[in-house]
Amino acid sequence: MHPSAIVRFSQRFGFSGFSEMQALFREAYTHKTTPVQNYQQRIRSMIANKSQKASGGDLARECINATLSGIERLGLELDDQAFDKAVDLVVNADNIYVVGVRRSFAVADYLVYNLQHTNKRIHLVSGLGGSYREQMRSVRANDLVIAISFTPYGKETQHCLRIAQHHQAKTLIITDSNLSPLAKRANTVLLVNEGSSFAFRSLSATLCLCQALFIAVAYRLELKVDEIHEQVGFED
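Using the UniProt record's numbering, the first residue of the sequence shown is number 1, and each one after it goes up by one.
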């Protein structure tokens, strides 16, 4: 195949060229084939790779710098169109179900906490007692399922998305790659690539994105309330 044809093929999918598309596939393959270490293995690896003993302050600064790099990358790579569509999905949903497992559960809970400050009906899919299917049973076509998951992607989260798809609910995915198995079931995808220190990934950029989503939704909902007040003549 002629190189120019490959470049045109890449550009057809929104990439600047073949190298950018190749990098996306390489990153996804690396994530998939890299063995997942448990926390004890990561700490031991960190100790083994240090030529000298690190102080607590040194370790803290490395974590802080990794967190800052993740947030900076989020600001640079945020897809404005996808973010606006995500806001639309939340604002227009009858019910909102939020699911995230293991390290993503804290993010899901935080997003639910924020959205509970609006007039939207919010449900945290906690899976308490293994009841994911039961908690997703009432999902309907006018509802929205927000799923948060990063490599290695939670099987429980994927299960909830299959249920959402079966009931024709809208889906908003917060993940780390367009090649994520969750992305193919999404109406909208918001990408986050966290900074990492000592093989421990931060959650700060993801929490920042969720807070931004809440603020944008709250702003949009307040505008709608103001419009209703103007139409019917309500007074505060």
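Glycine included, C-beta positions come from ideal geometry on N, C-alpha and C.
CA-to-CA distance, residue j to residue i, given in whole angstroms
i           : j       : result
Arg-137     : Leu-59  : 45 Å
Gly-154     : Gly-100 : 8 Å
Asp-109     : Phe-9   : 41 Å
Val-107     : Ser-4   : 43 Å
Leu-89      : Glu-156 : 23 Å
Phe-234     : Val-91  : For Phe-234, the pLDDT reaches just 45, beneath the cut-off of 50, and the residue's location in the model is therefore unreliable, although a value from the coordinates is still provided. C-alpha separation (whole angstroms): 22 Å.
Leu-203     : Val-192 : 10 Å
Ala-218     : Gly-70  : 25 Å
His-229     : Leu-221 : Confidence in His-229 is poor, its pLDDT being 48 and thus under 50, which makes the residue's placement too unreliable to answer from.
His-159     : Glu-62  : 36 Å
residue 245 : Gly-129 : Because the chain here runs from 1 to 236, residue 245 falls outside it and cannot be looked at.
Phe-214     : Phe-105 : 17 Å
Val-36      : Pro-152 : Below a pLDDT of 50, predicted positions are generally treated as unreliable, and Val-36, at 48, falls in that range; the measurement from the model is reported next regardless. Answer to the nearest angstrom: the Cα atoms are 8 Å apart.
Tyr-39      : Ala-86  : Model confidence at Tyr-39 stands at a pLDDT of 46, short of 50, so the residue's coordinates are unreliable; what they give is reported in the following sentence. Computed Cα separation, rounded: 33 Å.
Leu-74      : Gln-135 : 32 Å
Ala-212     : Glu-72  : 14 Å
Ser-126     : Thr-188 : 22 Å
Secondary structure of residue i, DSSP reduced to three states
i           : result
Val-232     : Note that Val-232 scores a pLDDT of 43, beneath 50, so its modelled location is shaky and nothing firm can be said.
residue 237 : Any answer about residue 237 is impossible in this case: the structure gives the chain only from 1 up to 236.
Tyr-153     : coil
Leu-182     : coil
His-166     : helix
Phe-206     : It is worth fixing the name first, because residue 206 is Thr in this sequence and not Phe. Looking at Thr-206 - three-state DSSP - the assignment turns out to be helix.
Glu-222     : helix
Arg-121     : strand
Val-189     : strand
Asn-142     : coil
Glu-194     : coil
Arg-73      : helix
Arg-133     : helix
Residue(s) in a DSSP beta bridge with residue i
i       : result
Ile-64  : According to DSSP, Ile-64 bridges with nothing at all.
Ala-147 : Val-99, Ile-173
Q: Please determine if the region 112 to 131 and the region 70 to 82 are in contact, where contact requires at least 3 C-beta pairs separated by less than 8 Å.
A: no
Q) Are the region 143 to 153 and the region 166 to 177 in contact at 8 Å, needing three or more beta carbon pairs? A) yes
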